[in-house]
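Asks: Structure provided below as structure tokens; questions to follow.
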Amino acid sequence: MTRQVFLLAAPGLLGAVDVSASRGAIPDSGADSGWGAVRDSGGKAGGIGTRLMKLEAGTETRLTGAEAHHASVKRLRAGEVVDLVDGRGWRAGAELVGSGTDLRFRLVEAPRFEACPALRLTLIQALAKEKRDLQALEAACEIGALRVVPWGAARSVSRWDGRAKQIKGREKWQNLAVSALKQSRQSRLAEVGEYVESGAGCADSGTGVSPSSRRGAGDENSVFAETRRIIAAEGRVFVLHESASERLSVLLRVISREAPHELGGELSGAGNLGAGNLGGTMEIAVVVGPEGGITEGELAGFRAMGAEIVLLGSSVLRCSTAGPVALAIIQATLGSW
92 MTRQVFLLAA
102 PGLLGAVDVS
112 ASRGAIPDSG
122 ADSGWGAVRD
132 SGGKAGGIGT
142 RLMKLEAGTE
152 TRLTGAEAHH
162 ASVKRLRAGE
172 VVDLVDGRGW
182 RAGAELVGSG
192 TDLRFRLVEA
202 PRFEACPALR
212 LTLIQALAKE
222 KRDLQALEAA
232 CEIGALRVVP
242 WGAARSVSRW
252 DGRAKQIKGR
262 EKWQNLAVSA
272 LKQSRQSRLA
282 EVGEYVESGA
292 GCADSGTGVS
302 PSSRRGAGDE
312 NSVFAETRRI
322 IAAEGRVFVL
332 HESASERLSV
342 LLRVISREAP
352 HELGGELSGA
362 GNLGAGNLGG
372 TMEIAVVVGP
382 EGGITEGELA
392 GFRAMGAEIV
402 LLGSSVLRCS
412 TAGPVALAII
422 QATLGSW
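Per the numbering used here: the sequence shown = residues 92 to 428.
Dropping the structure here:
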């Protein structure tokens with residue numbers, strides 16, 4: 092049985108993430124999973140990956156904030172060994188040597204770097220009601236998505252209007268990504284990208300959504316700009332839609348024949364997985380619309396950027412399950428499964 096995982100990161104990660112700077116550089120962070128700078132409660136720059144890699148076997152460290160609380164409610168006992176990870180690929184076994192409010196861990200081994208996956212999975216998930224977008228996010232991160240992008244689609248009932256709502260929404264998504272990391276015992280924390288919307292010409296009539304509130308397709312914060320970024324870096328973007336004639340599974344078999352032999356493996360060393368610089372990896376993104384579906388205008392926008400409209404299967408799935416199912420198929424066909 093694998094050991095329980097706890098995230099050892101900069102103070103304030105789980106409650107005071109500076110999401111406006113989440114794509115910045117991290118000093119001495121080893122491999123970059125797409126995450127960037129965070130700030131602790133005192134306003135000092137911190138980040139994922141800046142602590143664990145510098146520790147040695149035999150040294151002691153403490154969990155802070157939400158992670159310390161989680162460890163206490165798990166009722167760990169002195170002598171138990173867990174895995175400490177930093178969200179950037181570093182992992183170390185550590186023994187609990189304190190108890191109660193003094194949760195100290197002594198490293199029983201030197202931190203080791205786990206190679207970067209050669210296949211980078213991204214989920215562009217439309218906001219949805221009844222927390223179905225959160226269900227999709229959590230499952231996607233457990234499956235191995237390294238990036239998730241919240242999308243206010245034309246038919247999304249739930250919306251993140253205003254910067255304050257976007258910051259709060261992204262913090263909620265990031266905290267859920269942390270939970271998924273620990274559940275799946277992974278060492279890399281998925282990045283939550285900037286909130287994106289569709290262009291003005293993509294809104295339906297009769298939806299109650301004002302086209303004037305939409306961002307244009309040329310806006311760098313639009314879902315189409317996100318699509319263009321991935322394809323410009325020689326990635327693939329698959330938009331799931333029931334009207335498509337081409338099956339995702341068929342396209343994946345073609346990619347499997349054409350892709351480098353090592354695509355399903357890992358990259359040695361500390362490659363950079365940051366946006367626009369995949370360091371030898373291949374990025375595949377899956378786009379999932381809201382309950383009301385993706386509009387014809389949005390489909391046209393995705394096609395214009397080079398995305399492929401694909402059919403998942405004969406069944407029509409909810410937006411909470413479609414993305415994770417597609418990512419699981421990709422992992423099984425091209426990835427590490």
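Glycine residues also receive a C-beta, built at the ideal position from the N, C-alpha and C atoms.
Go ahead and label Val-240 buried or exposed: buried means 16 or more other beta carbons lie within 10 angstroms of its beta carbon, across all protein chains shown.
Replies: Working through the sequence shown from its first residue, we reach residue 240 at position 149. Buried, since its Cβ has 16 or more Cβ neighbours within 10 Å.
Asks: Taking Thr-60 as the reference, which of Trp-428, Leu-331, Ala-316 and Leu-339 has the closest Cα?
Replies: Residue 60 falls outside the range modelled here, since the chain spans only 92 to 428, and no answer is possible.
Asks: Decide if Gly-253 is buried, meaning its Cβ has at least 16 other Cβ atoms within 10 Å, or exposed.
Replies: Position 162 of the sequence shown, counted from the first residue, corresponds to residue 253. Classification of Gly-253: exposed, given that the 10 Å Cβ count is below 16.
Asks: How about Arg-409 and Arg-246: do their beta carbons lie closer than 9 Å?
Replies: Position 318 of the sequence shown, counted from the start, is the residue given in the question as residue 409. Position 155 of the sequence shown, counted from the start, is the residue given in the question as residue 246. Not in contact: Arg-409 and Arg-246 (Cβ atoms no closer than 9 Å).
Asks: Would you kindly report the start and end of the unbroken beta strand (DSSP E) that includes Gln-216?
Replies: As a position in the sequence shown, residue 216 is number 125, starting the count at 1. Unbroken beta strand (DSSP E) run through Gln-216: 210-217.
Asks: Quick one: what's Thr-152 bridged to in DSSP?
Replies: Your numbering for residue 152 matches position 61 in the sequence shown. Note: Thr-152 sits in a beta bridge opposite Phe-196.
Asks: From the DSSP output, in three-state form, read off Pro-415 for me.
Replies: Residue 415 sits at position 324 when you count from the first residue of the sequence shown. Here Pro-415 sits in helix by DSSP.
Asks: Could you say if the segment 231-239 and the segment 200-219 meet the contact criterion of at least three C-beta pairs nearer than 8 Å?
Replies: A contact exists between the segment 231-239 and the segment 200-219.
Asks: Suppose the cutoff is 8 Å on Cβ atoms and the five residues either side in sequence are ignored; what does the same chain contact list for Arg-344 look like?
Replies: As a first step, residue 344 must be located in the sequence shown, where it is residue number 253. Result list for Arg-344: Thr-424, in chain order.
Asks: Is it buried or exposed for Gly-274, if we count other Cβ within 10 angstroms and need 16 for buried?
Replies: Stepping through the sequence shown from its first residue, residue 274 is reached at position 183. Checking the sequence shown, residue 274 turns out to be Gln, not Gly. By the neighbour-count rule (16 or more Cβ atoms within 10 Å), Gln-274 is not buried but exposed.
Asks: Taking only three categories from DSSP, how would you classify Leu-98?
Replies: Working through the sequence shown from its first residue, we reach residue 98 at position 7. Of the three classes helix, strand and coil, the one that applies to Leu-98 here is strand, per DSSP.
Asks: Could you give the distance in angstroms between the alpha-carbon of Gly-260 and the alpha-carbon of Glu-229?
Replies: Residue numbering aside, residue 260 sits at position 169 when the sequence shown is read from its first letter. Residue numbering aside, residue 229 sits at position 138 when the sequence shown is read from its first letter. Approximately 14 Å, taken between the alpha carbons.
Asks: Entirely within the segment 307-350 and at least 3 residues each: give me those beta strand (DSSP E) ranges in chain order.
Replies: The segment 307-350 contains these whole beta strand (DSSP E) runs: 327-331.
Asks: Please name the residue, chosen from Val-379, Gly-178 and Glu-374, that lies closest to Ser-270 on a Cα-to-Cα basis.
Replies: The count along the sequence shown starts at 1 and reaches residue 270 at position 179. Answer by Cα proximity: Gly-178.
Asks: Report the three-state DSSP secondary structure of Asp-174 (helix, strand or coil).
Replies: Numbered from 1 along the sequence shown, position 83 holds the residue referred to as residue 174. Here Asp-174 sits in strand by DSSP.
Asks: Taking the straight line between their C-alpha atoms, what separation do you get for Leu-444 and Glu-382?
Replies: Nothing about residue 444 can be read from this structure; the chain reaches only from 92 to 428.
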